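> Pasting in a structure now, in structure tokens, and then I'll have a few things to ask.
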Amino acid sequence: MAELVLITRQGCCLCEGLEEKLIALAQAFTRLDVDGDPQLLARFDLEVPVLLLRQDGLERVLPRVSPRLGPAQLRSWLTGQGVA
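Its first residue numbered 37, the sequence shown is counted upward by one per residue in the working numbering.
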């Protein structure tokens with residue numbers, strides 16, 4: 037089963053916007069704060085928000101999501117990325 041992970045930062049308006057859209061879509065995801073983990077910070081410091089797809093022991097960084105996508109467009113985009 038695939039797990040969607042949102043790498044975010046407190047106070048980031050882009051992060052908050054993406055998180056709100058995922059919640060509105062009732063999309064299951066795990067939220068991780070980039071500043072709470074030194075490895076995440078080193079890897080994604082200025083990249084947030086980042087979506088990761090974890091499946092079968094592998095992790096794939098998804099392409100950057102446009103903040104202009106509406107909920108229906110985001111659902112379609114997620115489906116295209118293999119997120120069920």
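For every residue, glycine included, the Cβ atom is placed at its ideal position computed from N, Cα and C. Here the structure is a predicted model, which means the values were calculated and not measured.
Determine the direct distance from the alpha carbon of Glu95 to that of Asp73, and round the result to whole angstroms.
Roughly 17 Å separates the two Cα atoms.
> Measuring only the C-alpha atoms, how far is Asp81 from Cys48?
About 12 Å.
> First and last residue of the beta strand (DSSP E) that includes Glu56?
No beta strand (DSSP E) contains Glu56, which is instead part of the alpha helix (DSSP H) from 49–60.
> From the DSSP output, which residues share a beta bridge with Asp69?
In the DSSP output, where bridge partners are listed per residue, Asp69 has Thr44.
> In whole angstroms, what is the alpha-carbon distance linking Leu98 and Gln117?
Whole-angstrom Cα-Cα distance: 7 Å.
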